[in-house]
Amino acid sequence: MAANGYEDVVKGDDAVPALEVQPQELYHAKSFWTRYIFCQDAKVIAVQYSLTAIAIGLVGLVSSWLIRMQIAYPGVIPMDASAYYQLVTMHGMIMVIYLLTALFLGGFGNYLIPLMVGARDMVFPYVNMLSYWVFLLAVLILVASYFVPGGPTGAGWTLYPPQAITSGTPGSGLGIILMIVSLAVFVVGFTMGGLNYVITTLQARTRGMTLMRLPLTVWGIFVATVLALFAFPALLVAGIMMLLDNILGTSFFMPAILEAGLGEQMAYDGGSPILFQHLFWFFGHPEVYIVALPAFGIVSDLISVHARKNIFGYRMMVWAIVIIGFLSFIVWAHHMYVAGMNPWFGFFFATTTLIIAIPTALKVYNWVLTLWRGNIQLTVPMLFAIGFLITFTNGGLTGLFLGNVIVDVPLSDTYFVVAHFHMVMGIAPVLVVYGAIYHWFPLITGRFLNNRLGKIHFWITFLGSYSIYFPMHYLGFMGVTRRYFEVFEGEAFPVSIVGINQFITIAALVTGFAQLVFFYNLIVSVKHGDKAEKNPWKACSLEWQTTEMPPGHGNFEKELPIVHRWAYDFSVPGANEDYIPQNISPSEVSNAQAEKT
Amino acid sequence: MIVPIVILLVILGSVAFHFWSPWWWSEVASNWGNIDSTILLTFWVTGVVFVAVGLFVAFCVWKYRYNKDRTADYEPENARLEWILTILTALGVIALLTPGLIVWNKFVTVPDDVYEIEVLGYQWGWGFRLPGQDGILGTTDINNINDENMFGLNTDDPHSFDDILIDGDELHILLNQPLKVNLRSLDVLHDFYVPQFRAKMDMIPGMITSYWFTPIKTGSFEILCAEYCGTAHYAMLGTVLVDEKDDYDEWLNEQMTFKETLALNKNNDLIKVASKND
Ligand code: HEM
Ligand SMILES: [Cu+2]
Ligand SMILES: [Cu+2]
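Protein sequence lines correspond, in order, to chains A and B.
Residue numbers 1 to 597, in full-length UniProt numbering, belong to the letters of the first sequence in order.
Residue numbers 1 to 278, in full-length UniProt numbering, belong to the letters of the second sequence in order.
Spelled out as structure tokens, the structure:
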């Protein structure tokens with residue numbers, strides 16, 4: 001029970017810290033254009049970010065159906081190997097960068113950070129607005145690459161040179177150039193938003209909102225943004241260097257090689273393809289956590305609110321996020337165990353990688369211990385949180401296979417890897433996204449999403465995606481290589497892999513179409529959903545304590561809230577209600593108790 | 001009620017699939033059986049954790065389902081429990097990492113008696129080179145590559161001419177002979193992978209990578225390119241046959257040396273160089 005040295009955070013205190021920064025004058029929109037289109041209100045920017053990310057995410061989703069059709073039922077949908085590789089590449093890139101990164105940071109970050117820390121808006125609203133428009137430009141460039149001669153790049157989302165810019169790869173002309181330009185523009189746009197999220201969290205917290213009282217959602221998004229600000233530059237420089245190799249004929253990544261198909265020798269010499277991989281994964285591994293940490297934070301809050309119990313081990317949860325964030329920068333080469341680097345690196349990177357498993361495991365323990373002796377409401381957000389727990393545990397554990405260098409040797413570049421990363425950074429975070437949307441939809445629109453449709457959506461999505469990826473690990477054990485346009489049943493594999501592939505494809509199509517239920521729910525509920533009263537889930541964090549719901553311009557009415565406690569005072573013994581919002585002081589609580597008796 | 005039951009079924013179903021589904025790896029055909037054992041060990045450790053977490057969630061969801069007359073416990077933290085869990089997890093990690101690194105150490109320590117051969121990858125096919133009589137592979141340079149010298153052998157290296165060149169997708173190797181494959185690429189990344197040998201390594205233009213193994217089973221195995229290398233990546237297949245001594249020698253006798261291929265191409269200039277070196 002004891003929370004040594006932590007009582008003031010947990011129990012709350014009456015003190016009202018002095019105002020350190022004078023409130024800033026808010027920008028007020030005057031016309032339709034500045035209110036809804038070129039809007040500087042983070043809440044509107046959040047919705048813009050989210051809708052754009054989801055729209056391009058649909059392209060990624062439909063691509064995955066086509067990929068799966070080709071794998072299990074080749075010929076039903078006519079496509080050649082080039083088209084297949086372009087679909088795989090675009091699917092991966094869209095899902096990781098343009099959907100999940102944009103949605104978690106640009107979407108949830110924008111909506112929740114100012115509200116949860118008790119600020120009226122982001123600290124640099126104008127730059128924040130630009131961030132969205134630059135992101136939109138990046139998406140449009142990406143879309144444009146579908147329409148250039150040769151089509152979009154088919155280099156795989158890892159864009160490894162030399163292959164990415166040589167003629168044996170689809171889209172090695174304009175496709176790859178537009179891809180890199182789009183990524184560069186994305187990084188620019190992200191940096192504008194990212195600086196906002198970080199500085200708002202550090203500088204614009206309301207009085208009493210110490211760092212150790214922040215909801216874990218904010219911690220997750222905050223640390224993820226810091227990671228992104230450090231990681232994206234590596235991608236940016238790698239992209240620019242490859243662009244120079246491609247356009248100006250420099251040789252950063254290009255050794256002396258022949259043109260595809262034993263052709264002429266190309267005019268490159270002395271570059272290092274492995275250097276690109278180091279740069280890429282110096283970005284790419286933290287990227288996994290850029291997607292995962294916000295999900296960690298959000299799911300902590302979902303579990304706590306809907307189990308009516310404080311998050312277990314809050315301080316440990318915060319430190320785990322910070323430590324994971326730090327460690328994520330020294331594990332990148334676990335993606336390169338069989339990439340031909342010095343084998344001695346294997347010892348170092350296997351060790352760091354398995355160490356990261358410890359704080360990650362602690363987070364899982366703390367989530368499930370939060371359920372222990374809770375009062376669990378099986379609302380739709382809670383269902384998605386449970387789905388996350390199962391899929392994330394599964395995906396995290398298979399990471400112990402791939403991180404342990406010698407085990408990675410047979411499994412690398414097989415479907416085991418595809419199964420692992422989809423479980424851990426595809427399905428698990430997407431389940432959290434859904435849980436979060438069902439949870440915060442009432443805050444954003446004032447209405448609930450339909451509960452029955454939500455449950456149908458949950459069950460099909462959870463069971464469906466588990467059926468897609470669980471069996472896929474076993475394809476990997478058999479050695480089935482990924483990124484194969486056709487898997488020949490020859491000497492390598494038994495015929496039975498055809499059956500398993502067909503099963504996976506059917507599961508993928510069913511799961512995919514179940515998302516239509518969600519979109520239907522989303523569209524219909526905006527206008528016709530059940531009306532939500534204020535703070536419908538009886539949550540403690542500040543976003544629910546605004547005077548109006550949905551919160552208006554400036555988030556809070558005249559006065560900013562003053563914070564007296566952490567965001568998890570659920571089921572406090574002796575309190576009248578099973579939750580005490582962050583802005584309620586201890587004396588208000590005891591007065592209320594006195595009145596009751 | 002339905003939620004905990006479904007969670008339970010998902011967990012039990014996963015375990016059942018693991019033990020009873022027909023999908024499992026093919027028998028190992030190299031000395032790397034201890035990679036399989038490391039995987040199995042990892043399965044046990046992680047499997048126990050997965051089942052424990054899953055059952056715990058199912059239990060909580062059933063036992064602590066919402067009841068408006070009950071309130072949840074209030075327990076912000078529990079330092080003792082958190083420490084115990086940290087230490088247990090650390091022990092689990094050590095239990096996985098130690099054997100893993102021991103086997104990795106074997107994997108990267110090449111024994112002295114290995115027979116070295118070269119595997120060449122290009123878009124999209126394979127080539128193989130054996131050291132020939134002198135037991136030493138000749139040096140190569142990409143600038144030497146032409147129609148008659150696909151491997152780019154240095155003609156001023158005396159070790160080059162007796163090298164046996166196999167321009168095709170089929171390689172024979174000798175049973176129980178420790179083998180080191182030196183990997184080379186002419187254009188983009190490739191990866192020499194035979195599922196039954198359990199080992200793989202990328203092939204990188206501009207440098208030579210390698211790994212070693214000992215084939216312990218005769219038979220025919222499929223070579224797969226395991227690093228995406230462009231449009232025909234999926235078709236970059238080959239075959240490796242593990243032979244007993246007699247079969248192997250028979251095959252070897254039919255193969256041509258660099259010098260012989262030059263003769264076939266009637267490249268007299270180079271043959272002169274070659275003869276001088278004999
Ligand atoms: C139901 C949803 C999804 C299905 C059915 C699906 C299916 C697939 C398939 C079949 C591949 C090709 C694997 C290969 O041959 O290497 C693939 C690749 C990939 N997917 Fe997904 N996926 C889904 C969702 C996601 C999500 C949410 C993410 C976000 C992290 C994601 C990220 C990726 C990445 C990064 C690749 C690798 C692309 C590459 O090899 O270049 N996918 N997916
Ligand atoms: Cu990684
Ligand atoms: Cu390949």
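We put the CB at the ideal spot given by N, CA and C, even for glycine.
{"Asked": "Can you list, in chain order, the residues of its chain with a C-beta nearer than 7 Å to that of B:Asn-265? Leave out the 5 residues immediately preceding and following it.", "Found": "Glu-148"}
{"Asked": "Is it buried or exposed, A:Asn-128, if we count other Cβ atoms within 10 angstroms and call 16 or more buried?", "Found": "buried"}
{"Asked": "Report the CB separation of A:Gly-208 from A:Val-62 in whole angstroms; it is logged as a contact under 8 Å.", "Found": "Not quite, the Cβ-Cβ distance comes to about 48 Å (not below 8 Å), so this is no contact."}
{"Asked": "Identify every residue that forms a DSSP beta bridge with B:Asp-202.", "Found": "B:Asp-191"}
{"Asked": "Give the secondary structure of B:Leu-130 by DSSP, where H, G and I count as helix, E and B as strand, and everything else as coil.", "Found": "strand"}
{"Asked": "Since residue 281 of chain B meets chain A, which of its residues come closer than 8 Å, beta carbon to beta carbon?", "Found": "Any question about residue 281 of chain B goes unanswered here, given that chain B covers just 1 to 278."}
{"Asked": "Can you list every residue whose CB sits closer than 6 Å to some heavy atom of ligand 3, going in chain order?", "Found": "B:His-190, B:Cys-225, B:Glu-227, B:Tyr-228, B:Cys-229, B:His-233, B:Met-236"}
{"Asked": "Determine the burial state of A:Val-405: buried for a count of at least 16 other Cβ atoms within 10 Å of its Cβ, exposed for fewer.", "Found": "buried"}
{"Asked": "Which of helix, strand or coil does DSSP assign to B:Val-181?", "Found": "strand"}
{"Asked": "Quick one: complete beta strand (DSSP E) runs, 3+ long, within the region 94 to 144 of chain B?", "Found": "115 to 122, 125 to 130"}
{"Asked": "Does DSSP put B:His-18 in a helix, in a strand, or in coil?", "Found": "helix"}
{"Asked": "For A:Ile-176, count the other beta carbons within 10 Å of its own beta carbon; 16 or more makes it buried, fewer makes it exposed. Which is it?", "Found": "buried"}
{"Asked": "Quick check on A:Tyr-484: buried or exposed, where buried means 16 or more other Cβ atoms within 10 Å of its Cβ?", "Found": "buried"}
{"Asked": "Spell out the partners DSSP gives A:Asp-408 in its beta bridges.", "Found": "Answer is none; A:Asp-408 lacks a bridge partner."}
{"Asked": "Taking DSSP as the reference, what is the three-state secondary structure of A:Val-364?", "Found": "helix"}
{"Asked": "Which residues in the same chain as A:Ser-182 place their Cβ atom closer than 8 Å to its Cβ, once the five residues preceding and following it in sequence are excluded?", "Found": "Ala-138, Val-139, Ile-141, Leu-142, Ser-145"}
{"Asked": "State buried or exposed for A:Ala-2, treating a residue as buried only when at least 16 other CB atoms are found within 10 Å of its CB.", "Found": "In this prediction, A:Ala-2 scores a pLDDT of 39, lower than 50, which makes its location untrustworthy; no coordinate-derived value is stated."}
{"Asked": "So, is the C-beta of B:Arg-80 closer than 7 Å to a C-beta in chain A?", "Found": "no"}
{"Asked": "For B:Leu-165, which residues in chain A fall below 8 Å Cβ to Cβ?", "Found": "Going along chain A, no residue has its Cβ under 8 Å from B:Leu-165, so there is no contact; the nearest lies around 15 Å."}
{"Asked": "Out of A:Phe-186, A:Gly-171, A:Asn-394, which one is the CA nearest neighbour of B:Ser-14?", "Found": "A:Asn-394"}
{"Asked": "Starting from A:Tyr-289 and walking both ways along the alpha helix (DSSP H), at which residues does that stretch end?", "Found": "273 to 306"}
{"Asked": "Between B:Trp-23 and chain A, is any beta-carbon pair separated by less than 7 Å?", "Found": "yes"}
{"Asked": "Mark A:Lys-363 as exposed unless 16 or more other C-beta atoms lie within 10 angstroms of its C-beta, in which case mark it buried.", "Found": "buried"}
{"Asked": "Could you tell me whether any Cβ in chain B is nearer than 7 Å to the Cβ of A:Gln-163?", "Found": "yes"}
{"Asked": "Could you work out which residues of chain B lie near A:Glu-533, taking near to mean beta carbons separated by less than 9 Å?", "Found": "Within 9 Å Cβ-Cβ: nothing; A:Glu-533 doesn't reach chain B, min ~17 Å."}
{"Asked": "What do you reckon, are the CB atoms on B:Gly-238 and B:Gln-123 nearer than 7 Å?", "Found": "no"}
{"Asked": "My output table needs one value for A:Glu-20: the three-state DSSP class, helix, strand or coil.", "Found": "coil"}
{"Asked": "Residues of chain B with CB under 7 Å from A:Val-405, in chain order?", "Found": "Gly-100, Trp-104"}
{"Asked": "Please return the same chain residues whose Cβ sits closer than 6 Å to the Cβ of A:Gly-5, not counting the five positions on each side in sequence.", "Found": "The predicted position of A:Gly-5 is uncertain, since its pLDDT is 47 and thus under 50; a value taken from the coordinates is nonetheless stated next. Nothing listed; no residue qualifies."}
{"Asked": "At 7 Å on the CB atoms, spell out the chain A contacts of B:Asn-67, in chain order.", "Found": "Asn-375"}
{"Asked": "Hey, how far is the Cα of A:Tyr-520 from the Cα of A:Gly-194?", "Found": "32 Å"}
{"Asked": "Is the Cβ of A:Pro-410 closer than 7 Å to any Cβ of chain B?", "Found": "yes"}
{"Asked": "Which residues mark the beginning and the end of the beta strand (DSSP E) in which B:Gly-219 is found?", "Found": "219 to 225"}
{"Asked": "B:Leu-183 and A:Pro-273 look like a contact to me (Cβ under 8 Å); what is the Cβ gap, rounded to whole Å?", "Found": "Incorrect: roughly 13 Å between the Cβ atoms, too far for contact."}
{"Asked": "Name, please, each residue of chain A whose Cβ falls closer than 8 Å to the Cβ of B:Asp-202.", "Found": "Val-338, Ala-339, Gly-340"}
{"Asked": "Measuring only the C-alpha atoms, how far is B:Lys-245 from B:Asn-143?", "Found": "37 Å"}
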